[in-house]
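Some notes on the structure that comes next.
Protein chains: 2
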Amino acid sequence: MPHNTTEINQRLRKSGYRVTPQRQLILDAVCQLGEHVTPESVYDHVHRTAPTLSRATVYRVLHFLTEQRILTMVHMADGRLAYELAGPEPHHHLVCRTCDSLLELPHSVLRSFRRAMDSQYDFEIDVSHVSFFGHCTDCRNSAGA
Amino acid sequence: MPHNTTEINQRLRKSGYRVTPQRQLILDAVCQLGEHVTPESVYDHVHRTAPTLSRATVYRVLHFLTEQRILTMVHMADGRLAYELAGPEPHHHLVCRTCDSLLELPHSVLRSFRRAMDSQYDFEIDVSHVSFFGHCTDCRNSAGA
DNA sequence: AGCCCTGCTGCGAAAATTCGCAACAAATAG
DNA sequence: CTATTTGTTGCGAATTTTCGCAGCAGGGCT
Ligand SMILES: [Mn+2]
Ligand SMILES: [Mn+2]
Ligand SMILES: [Zn+2]
Ligand SMILES: [Zn+2]
Chain P
1 MPHNTTEINQ RLRKSGYRVT PQRQLILDAV CQLGEHVTPE SVYDHVHRTA
51 PTLSRATVYR VLHFLTEQRI LTMVHMADGR LAYELAGPEP HHHLVCRTCD
101 SLLELPHSVL RSFRRAMDSQ YDFEIDVSHV SFFGHCTDCR NSAGA
Chain B
1001 MPHNTTEINQ RLRKSGYRVT PQRQLILDAV CQLGEHVTPE SVYDHVHRTA
1051 PTLSRATVYR VLHFLTEQRI LTMVHMADGR LAYELAGPEP HHHLVCRTCD
1101 SLLELPHSVL RSFRRAMDSQ YDFEIDVSHV SFFGHCTDCR NSAGA
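Top to bottom, those sequences are chains P and B. First residue of the first sequence: 1, per the numbering used here; consecutive thereafter. First residue of the second sequence: 1001, per the numbering used here; consecutive thereafter.
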């Protein structure tokens, strides 16, 4: 999951924002830490190389990069937020409430639902990263026994 | 939005839980305050008649009543959680990111999506109260101008 | 070089949320 | 009836997240 630093930097600068060392460190951390990283794990990671970088900045930059659509945000099972690098195509998840297993879904699974909301309610749903909760095959089978 | 106290109380007791004054007060507060009430507004409300009832208890009881499916939980636009009395039928929302307007959807709008996840992934989605974010007719039109 | 303007950060305080634990109270057993 | 167990709460501390504000720093301008 490498990110093209120069392309993102240009995008930010073009919008009038600045590419600060803190933003680069935080973005690097999110990418290195992988999927669904929490603010606290980002803070722990960057704090090693930049001890003065504050928690507030971590939260602010994660929000900021999400607004700029460089990161996406997702609600975890416990209600907390996690972030990851926005890929070229959004994806979503099925999360089992029993075993916490996580299935990845392509964006296309929401196509017909989004179309229906658009035609029925004239409302354009804008989703980049959603988790749906429920129960997976295995847990349904073992529960039935 | 009145709730049948005796029926809920029986349900709780039958499961081995207790119906405490705190739980009754908090449930009453949620019902009186209407849709999408926040923990803080519940606390403010109950605190008037029960000054010793603590914030921790408010959070715990809201979680508890949600587990028992007496309340439902929903993520608001700002990421915070809100609660409301679980009706006989779940409902969902379309929330405009521009004007914050809120449209209510019947549970049935998710039927075909849930069926698709069940058949394609053998995963049973369990949703009681979801918000989808996007842009409403009016805001799309004024943005286009 | 200076001078603005504005974006951004660090800091500490505040607010929101969770946690551990001792005390309490309702149900239960004996 | 007392003893025990177990669910529940209040309290205070810890943790997480937000906020306000003063000051720094980059970029433009002269
Ligand atoms: Mn993901
Ligand atoms: Mn609702
Ligand atoms: Zn499972
Ligand atoms: Zn709107």
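We put the CB at the ideal spot given by N, CA and C, even for glycine. Since this is a predicted model, take the numbers as computed values, not measurements.
Give the DSSP-derived three-state secondary structure of residue i in the structure shown.
i, result
"threonine 1072 of chain B", "strand"
"glutamine 1136 of chain B", "Here residue 1136 of chain B is cysteine; the residue named in the question, glutamine, does not match the sequence. Correct three-state label for cysteine 1136 of chain B: coil."
"leucine 1110 of chain B", "helix"
"alanine 143 of chain P", "helix"
"alanine 116 of chain P", "helix"
"histidine 1003 of chain B", "coil"
"alanine 1082 of chain B", "strand"
Do residue i and residue j have their C-beta atoms closer together than 8 angstroms?
i, j, result
"histidine 1129 of chain B", "proline 1088 of chain B", "no"
"alanine 1058 of chain B", "arginine 1023 of chain B", "The sequence shown places valine at residue 1058 of chain B, not alanine. Contact flag unset, no."
"leucine 1053 of chain B", "leucine 1071 of chain B", "no"
"phenylalanine 1133 of chain B", "arginine 1080 of chain B", "no"
"histidine 1093 of chain B", "histidine 1107 of chain B", "no"
"valine 1030 of chain B", "tyrosine 1083 of chain B", "yes"
"valine 1074 of chain B", "serine 1142 of chain B", "no"
"glutamate 40 of chain P", "histidine 1135 of chain B", "no"
"valine 1109 of chain B", "leucine 1102 of chain B", "no"
"leucine 1033 of chain B", "valine 1042 of chain B", "yes"
"threonine 1006 of chain B", "leucine 1025 of chain B", "no"
"valine 19 of chain P", "asparagine 4 of chain P", "no"
"phenylalanine 1064 of chain B", "phenylalanine 113 of chain P", "no"
"leucine 12 of chain P", "glutamine 68 of chain P", "yes"
"aspartate 1066 of chain B", "aspartate 122 of chain P", "According to the sequence shown, residue 1066 of chain B is threonine rather than aspartate. Contact flag unset, no."
"aspartate 100 of chain P", "alanine 116 of chain P", "no"
Report the partner residues of residue i according to the DSSP bridge assignment.
i, result
"cysteine 96 of chain P", "P:Gly134"
"glutamate 1124 of chain B", "P:His135"
"histidine 1091 of chain B", "B:Pro1106"
inquiry  = Going residue by residue through the segment 1006–1073 of chain B, where are the continuous alpha helix (DSSP H) segments of at least 4 residues, counting only ones entirely within it?
reply    = Runs of the alpha helix (DSSP H) spanning 4 or more residues and lying entirely within the segment 1006–1073 of chain B occur at 1021–1033, 1039–1049 and 1055–1067, in chain order.
task = Taking only beta carbons into account, state which residues of the segment 1107–1119 of chain B come closer than 8 angstroms to chain P, listed in chain order.
result = Listed by position along the chain: Val1109, Leu1110, Ser1112, Phe1113, Ala1116 and Met1117.
Selection of the segment 1126–1140 of chain B by Cβ proximity to chain P, strictly under 8 angstroms = Those would be Asp1126, Val1127, Phe1132, Phe1133, Gly1134, His1135, Cys1136, Thr1137 and Arg1140, in chain order.
inquiry  = Give me the subset of the segment 1084–1109 of chain B whose CB atoms are less than 9 angstroms from a CB atom of chain P, sorted by chain position.
reply    = Correct list: Leu1094, Cys1096, Arg1097, Leu1103, Leu1105 and Val1109.
inquiry  = By the 8 angstroms beta-carbon criterion, what residues does the segment 71–82 of chain P contribute toward chain B?
reply    = Those would be His75, Gly79 and Leu81, in chain order.
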